[in-house]
Each structure stands twice: as C-alpha cells, then as structure tokens.
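Structure first, then comments.
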Amino acid sequence: MKIIIVLSGVCLFTVMTLALPGGTPKRITDYVKKTQVTFSAKATAMQQAIAQIDVNDTVTLSRAKEALRQCRISYKQLAFFMEYFFASEAYVFNSPPRYEIDEPYIEYEAPVGLQQIESLLYDSAVYSRKKELMAQAEVVANTAADLPSLLYHFSATDGQVFESVKLELIRIMTLYIAGYDAPLLKSGIDESRAAMEAVNEVVLPYTTASDSIGYSLRKAIDYLRRARDFDRFDRLTFLADYALPLERQLSDFMHARGFDVHSTPALDEDELFSKNALRKAAFPGGGNIGDSALGRRLFFEPALSGNNTRSCATCHQPDKHFTDGLVKNAALDGGVLPRNTPGLLYACFQYSQFWDGRVKSLEEQVLAVMHSRQEMAADDDTVVYRLQKVYKGITIKMVVHALAAYVRTLTPFNSPFDHYMNGDRAALTALQKHGFNLFMGKAKCGTCHFAPLFNGLTPPLYNRTEFEVLGTPVNEDLLRPVADTDQGRYSFFKIGFYKGAFKTPTLRNAAVTGPYMHHGAFGNMDEVMDFYDRGGGNGIGLPLSNQTLGTEQLHLDTTEKKAIIAFMEALTDE
Numbered sequence: 014m015k016i017i018i019v020l021s022g023v024c025l026f027t028v029m030t031l032a033l034p035g036g037t038p039k040r041i042t043d044y045v046k047k048t049q050v051t052f053s054a055k056a057t058a059m060q061q062a063i064a065q066i067d068v069n070d071t072v073t074l075s076r077a078k079e080a081l082r083q084c085r086i087s088y089k090q091l092a093f094f095m096e097y098f099f100a101s102e103a104y105v106f107n108s109p110p111r112y113e114i115d116e117p118y119i120e121y122e123a124p125v126g127l128q129q130i131e132s133l134l135y136d137s138a139v140y141s142r143k144k145e146l147m148a149q150a151e152v153v154a155n156t157a158a159d160l161p162s163l164l165y166h167f168s169a170t171d172g173q174v175f176e177s178v179k180l181e182l183i184r185i186m187t188l189y190i191a192g193y194d195a196p197l198l199k200s201g202i203d204e205s206r207a208a209m210e211a212v213n214e215v216v217l218p219y220t221t222a223s224d225s226i227g228y229s230l231r232k233a234i235d236y237l238r239r240a241r242d243f244d245r246f247d248r249l250t251f252l253a254d255y256a257l258p259l260e261r262q263l264s265d266f267m268h269a270r271g272f273d274v275h276s277t278p279a280l281d282e283d284e285l286f287s288k289n290a291l292r293k294a295a296f297p298g299g300g301n302i303g304d305s306a307l308g309r310r311l312f313f314e315p316a317l318s319g320n321n322t323r324s325c326a327t328c329h330q331p332d333k334h335f336t337d338g339l340v341k342n343a344a345l346d347g348g349v350l351p352r353n354t355p356g357l358l359y360a361c362f363q364y365s366q367f368w369d370g371r372v373k374s375l376e377e378q379v380l381a382v383m384h385s386r387q388e389m390a391a392d393d394d395t396v397v398y399r400l401q402k403v404y405k406g407i408t409i410k411m412v413v414h415a416l417a418a419y420v421r422t423l424t425p426f427n428s429p430f431d432h433y434m435n436g437d438r439a440a441l442t443a444l445q446k447h448g449f450n451l452f453m454g455k456a457k458c459g460t461c462h463f464a465p466l467f468n469g470l471t472p473p474l475y476n477r478t479e480f481e482v483l484g485t486p487v488n489e490d491l492l493r494p495v496a497d498t499d500q501g502r503y504s505f506f507k508i509g510f511y512k513g514a515f516k517t518p519t520l521r522n523a524a525v526t527g528p529y530m531h532h533g534a535f536g537n538m539d540e541v542m543d544f545y546d547r548g549g550g551n552g553i554g555l556p557l558s559n560q561t562l563g564t565e566q567l568h569l570d571t572t573e574k575k576a577i578i579a580f581m582e583a584l585t586d587e
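For reference, each letter of the sequence shown is one residue, going 14 to 587 in the working numbering.
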C-alpha cells in the first residue's frame with residue numbers, strides 16, 4: 014500500500030471534439046474495439062479462476078495467479094489509451110493497492126483493481142479473503158465488458174494520440190520494467206512487451222515499416238520478447254539502446270508533424286534522462302521571480318537568524334552536497350533538531366517540502382525555517398533592518414524569493430549515471446550497471462524512487478508526491494528494534510494512513526549524504542540495505558498495520574547489495 018497525494022482541481026487532459034484529417038478517431042477506436050474483446054475475455058477468465066479457488070486444492074490458487082497475469086498483460090495493450098483519455102476508468106483497472114487521499118478535501122479512494130487482486134492473491138490469508146477477491150474481479154470484468162460504451166462520440170487529435178503513446182513509453186521505462194504494477198507477479202517485462210506492441214500498432218499507420226521509428230519499435234519489442242527472467246533482465250541496456258532512442262525519434266516526429274500537445278505541465282520536450290526533462294515552473298512556486306544571484310549570497314548570510322549566528326549554509330553545506338553530515342543538527346533553543354537535515358539538491362522537483370510535507374513551495378519552506386524557534390528564530394523586521402545596510406531597498410519578500418530561486422538552481426544532473434544515459438558508455442563500471450538493474454528489478458527500489466529524479470514523483474505525469482510508511486526503527490539495531498515515535502505527516506494531518514509517513518527523498522547524492530532516514534538512524538548504506546532487504550519495520554518485527562513498504566524479504570546477497578550501493582554512488586554529482 015502506498016500513500017499518494019493527489020493534486021486537486023487540475024484537469025490534465027481534454028478530449029477534443031474535432032479531429033485532424035486522416036481518420037484518427039476511426040483508427041484508434043478500431044484498435045480499442047479489437048483489443049477490448051481480448052481484454053474482456055481475459056478479465057472474465059480471471060473472474061472464473063478466482064471463483065474456483067479452493068483451500069483444499071493449491072493448484073486453483075496458482076491458476077488464479079496465472080489468470081491475473083494474463084489479464085494484466087492484456088490490459089497493457091489498452092493502457093496508453095485508458096490512462097490518457099479515460100483516467101477514471103483506468104483507475105478501476107490498475108490503481109495501486111492503497112488508499113488514495115485527495116487533499117485538501119481528504120476524500121478517500123479505496124484500493125480497487127488488478128493490483129489489489131494481486132495483493133490479495135499473495136496474502137497469507139488468501140483463502141479467507143476469497144469474497145473480497147471475487148468482488149474485485151467482478152468490478153474488473155464488468156468494467157472491461159463495458160469499455161465499448163466509452164467510444165460513443167469519442168474523438169481525438171493526432172497530437173493527443175501521440176502524446177498518449179509517448180506517456181506510455183515513459184511508463185514502460187520507469188514503472189513497468191521496475192515491477193511497479195505487479196511486484197509479486199513479476200510480470201513487468203511481459204507487460205512492457207505488450208505495451209510496446211500496442212505503441213507499435215498505433216504508430217505504424219503514421220510511419221512506414223522501414224523508417225527509424227518502425228525499426229526501433231521492432232528492435233525494442235524483440236529485446237523484451239527475448240527476456241526470460243524478471244530479476245535478470247538488463248534494464249540499462251533496454252533503456253540506453255532501445256527505449257531512449259525510440260523516445261527521441263517519437264519526439265522529433267511529433268515536432269516535425271506539428272503533433273505537439275504539451276498537456277502534461279511537468280514534462281518538457283527533452284528526453285526523460287536529459288537535464289531539462291522536467292519543468293521547474295510546473296512545481297509549487299516555480300512561477301515566482303527571484304534573484305538567484307542574490308539568493309546565493311543570502312544563503313551564507315547569518316543576518317537571517319535571530320541571534321545573527323546561523324545561515325542556511327550552517328545546515329546545508331555546499332561541500333557536503335547541501336547537507337551537514339550529522340544525525341541531527343543543533344537547535345537554537347537548546348538540544349538538537351527533531352529530524353535529520355535533508356539535502357537541497359533537486360528539492361525544487363517536489364510538491365511538498367520538509368520530511369513531513371507540511372508546506373508546498375520552496376518559498377514557504379524558507380519562511381518556515383526562518384521563523385522556526387529551533388532553526389533560525391528570525392524576525393522579519395530585524396532581518397530587513399540588518400540587510401538594508403548592504404542591500405538597499407530589500408524586503409522580506411525579496412529575500413524569500415531570492416533564496417528559493419537559488420535553491421532552484423541546485424539541479425546539476427552531472428553524475429556518472431547522467432553521463433552514461435546521455436551517451437558516455439564508459440561512465441559506469443560493470444558493478445554499477447549491475448546495481449542499476451537490481452535497483453530497478455529484484456530490489457524494487459525503483460518502485461518508490463522513480464527515474465529520473467529517483468524520488469517520490471510518480472511517472473509519467475510527475476504530478477504527485479508519494480509518502481511512505483517504512484517502519485524505520487529508532488536506531489540501527491535491527492535485531493532488537495525499537496519503534497520510532499515520530500508520527501511524520503500525521504503530526505499536522507490527523508489521518509491514520511499518515512502515521513509514520515515521510516516524503517520519499519531523492520537518492521541522487523545519497524551515497525555521500527549520510528546519515529540516513531528522517532531521523533538519521535542509519536549511519537551507512539549497508540544498514541539501509543539490510544533494513545529494506547528484511548522488509549522494513551514489519552520485516553524486523555515491528556507491528557505496523559499501515560506500512561506501505563512491501564513486507565516480503567528481498568533475499569539480496571552481499572554482492573547484490575554492494576552492486577546497488579555502487580549504483581547509488583554513480584548518482585553522485587561531480
């Protein structure tokens with residue numbers, strides 16, 4: 014189960030009422046009608062298999078799991094269309110198995126669909142939950158059968174069709190191959206192949222079989238088809254040699270044909286792993302104007318604190334990748350701060366700031382830190398009085414916007430991994446390559462730390478911030494764990510699902526910014542890896558009913574853990 018904050022009041026897509034010449038609506042509806050027949054049959058077969066589950070015959074459970082697998086693969090041939098044009102219906106099929114909380118209205122969406130069915134089928138108490146399974150299967154089967162009704166008066170432009178395909182390609186690259194949709198079935202590679210085949214069918218009428226896009230699609234599909242094992246699949250090769258060139262070709266084709274739609278605010282025109290893939294202006298406060306050069310000077314200015322001794326750089330030290338290397342820094346009012354100092358690199362690519370996400374924008378974060386009695390204990394009038402001796406006419410608004418503007422410049426994207434993904438094939442060692450494949454596969458790191466930021470921004474729209482309940486103990490002793498008392502997001506948002514929930518931070522530069530976790534409990538990466546390998550808090554024996562991290566053990570050996578750590582070292586900016 015995951016906790017995802019949904020941005021309210023944002024209309025992401027609008028189905029156009031007029032289509033460009035060329036029969037776009039008919040082509041797409043013909044494809045959907047044909048594919049829906051197969052999907053509906055697979056959904057019905059899954060429903061029947063679940064109905065036959067018998068506690069006295071374990072084979073029936075295996076058949077139900079296989080029926081789910083086939084249903085999921087079939088759905089992925091429709092996913093590009095459903096997720097783009099009919100997101101609410103797509104939610105019924107493939108939403109994560111967690112309660113979704115719509116802020117600020119605090120409306121709940123209960124888990125439903127194929128991912129919830131997977132969670133139930135792999136539950137240790139699966140036989141006693143058969144009634145729930147049957148109810149879920151009925152919803153999926155009935156909705157699948159009713160899909161043709163969505164096509165009544167449906168119309169779309171060529172640009173929308175291509176944007177839906179490009180977003181699906183991002184899902185393949187970031188979610189499907191990582192097993193995000195089916196972490197227990199481990200059907201992600203087969204699902205990626207089905208999704209890529211769908212892309213091929215939709216794009217082919219616009220191109221020729223011999224052009225670069227057609228060639229790249231065939232090569233990518235063949236590479237996915239030859240994969241035999243989810244855990245051993247070479248994701249790095251797939252991305253670098255197949256998916257990214259295809260993404261680039263699709264973008265060029267769309268631009269040349271005037272198919273650019275840009276209805277996804279956070280995505281820029283550049284490829285996913287380029288420096289400018291995400292638009293800073295799309296994130297909270299991103300449209301504000303501030304003097305980043307002034308902000309850089311003010312970042313080191315102790316006049317921002319009440320006692321004129323502490324600056325932003327006291328805790329966010331540039332030579333330590335904008336952290337402080339401490340478990341917890343000192344508090345101005347005595348003792349230590351309640352949480353570990355988070356880094357500022359890539360902080361602008363989030364919809365919530367602080368570990369508990371209590372503010373949205375960097376501007377709000379700056380003010381909250383300045384006004385905190387524990388952190389800077391500043392008075393606005395005093396700060397302005399001090400600064401005006403050097404910066405004539407400065408206001409507190411100018412200070413806040415300047416500091417936020419400076420933090421938005423802290424997005425270097427110049428790690429060895431970035432160099433590799435942008436063409437330098439010598440940038441990663443063999444161990445780091447292996448580590449990336451484990452990170453995105455067997456170790457399941459990529460199902461929470463999403464590319465390219467490796468934080469909790471969910472692809473492909475990058476319009477949601479994830480919070481997770483990991484069950485991190487109060488110290489590094491996993492054999493005698495003691496539950497942490499920090500309630501995280503629950504401290505200011507009194508929702509049971511938020512107890513112990515913290516924002517998923519970026520793993521860029523994580524290798525050099527320990528100690529780790531919200532309270533700095535783990536001093537090194539080895540301790541972090543052991544914690545995740547054991548299944549988080551539940552896995553080490555802490556009773557957490559709302560843990561969102563998977564509780565099953567990962568069974569990583571020593572060499573695999575070292576490889577994953579080596580990959581994270583490759584995320585260190587130079």
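Ideal Cβ placement from N, Cα and C applies to all residues, glycine included.
Name the two residues that bound the continuous alpha helix (DSSP H) containing residue i.
i, result
"Thr156", "Lys143 to Ala158"
"Glu181", "Asp171 to Arg184"
"Ile395", "Correcting the residue type first, residue 395 is Thr in the shown sequence and not Ile. Per DSSP, Thr395 belongs to the alpha helix (DSSP H) from Asp393 to Leu400."
"Thr478", "Per DSSP, Thr478 belongs to no alpha helix (DSSP H); it is in the beta strand (DSSP E), Thr478 to Val482."
"His268", "Leu257 to Arg270"
"Ser305", "Ser305 to Phe312"
"Ile409", "Ile409 to Val420"
Would you tell me roughly how many angstroms separate the C-alpha atoms of residue i and residue j, rounded to the nearest one?
i, j, result
"Gly348", "Met542", "30 Å"
"Ala5", "Ala191", "A question about residue 5 goes unanswered here, because the residues of the chain that appear run from 14 up to 587."
"Cys361", "Met59", "43 Å"
"Ala439", "Asp431", "12 Å"
"Ser75", "Gln566", "21 Å"
"Lys574", "Phe535", "16 Å"
"Leu134", "Thr220", "42 Å"
"Val495", "Gln83", "42 Å"
"Thr478", "Tyr364", "6 Å"
"Pro7", "Thr395", "Summary: the structure shown does not reach residue 7, with the chain confined to residues 14 through 587, and so no result is reported for it."
"Val397", "Met383", "12 Å"
"Lys39", "Ile234", "25 Å"
"Leu237", "Gly299", "38 Å"
"Cys458", "Leu164", "38 Å"
"Pro278", "Met186", "19 Å"
"Pro161", "Lys46", "7 Å"
"Phe367", "Pro518", "10 Å"
Grouping DSSP H, G and I as helix and E and B as strand, with all else coil, what is residue i?
i, result
"Ala496", "strand"
"Val372", "strand"
"Ala439", "coil"
"Lys446", "helix"
"Gly536", "coil"
"Leu280", "strand"
"Ala343", "strand"
"Gln65", "coil"
"Gly501", "strand"
"Leu291", "strand"
By Cβ distance below 6 Å, which residues in the same chain neighbour residue i in space, the five residues on each side in sequence not counted?
i, result
"Ser225", "Gln262"
"Ile578", "Met538"
"Lys589", "Lying before the first or after the last residue shown, residue 589 is absent from the chain, which here runs from 14 to 587."
Taking 8 Å as the limit between beta carbons, can you name the residues of its chain near residue i, skipping five residues before and five after?
i, result
"Arg399", "Ala316 and Asn321"
"Gly35", "Note on Gly35: pLDDT 45, under 50, position unreliable in the model; the coordinate value appears next. If we look at Gly35 and ignore the five residues flanking it on each side, its Cβ neighbours are Asp171."
"Gln128", "Asn107, Ser108, Pro109, Pro110, Asp194 and Ala195"
"Ala333", "Correcting the residue identity first, residue 333 is Lys in this sequence and not Ala. Excluding positions up to five away in sequence, the list reads Val525 and Thr526."
Near residue i, which residues of its chain fall below 7 Å by C-beta distance, leaving aside the five closest residues on each side in sequence?
i, result
"Val125", "Val105, Ser108, Gln149 and Val152"
"Asp588", "In the structure displayed, the chain extends from 14 to 587; residue 588 sits before or after that span and is not available."
"Pro465", "Leu285, Phe286 and Ala290"
"Asn427", "Asp586 and Glu587"
Which term fits residue i, buried or exposed, when burial requires 16 or more other beta carbons within 10 angstroms of its beta carbon?
i, result
"Asn468", "buried"
"Lys455", "buried"
"Val413", "buried"
"Asp159", "exposed"
"Leu492", "exposed"
"Asp570", "exposed"
"Phe313", "exposed"
"Ile41", "buried"
"Ser558", "exposed"
"Ser200", "buried"
"Asp546", "buried"
Return yes when the C-beta of residue i is under 6 Å from any heavy atom of the ligand NAP, and no when it is not.
i, result
"Gly484", "Of the ligands one can find in the structure shown there are none, so the ligand NAP has no counterpart to examine."
Within the continuous beta strand (DSSP E) that includes residue i, where are the two ends?
i, result
"Lys516", "Ala514 to Lys516"
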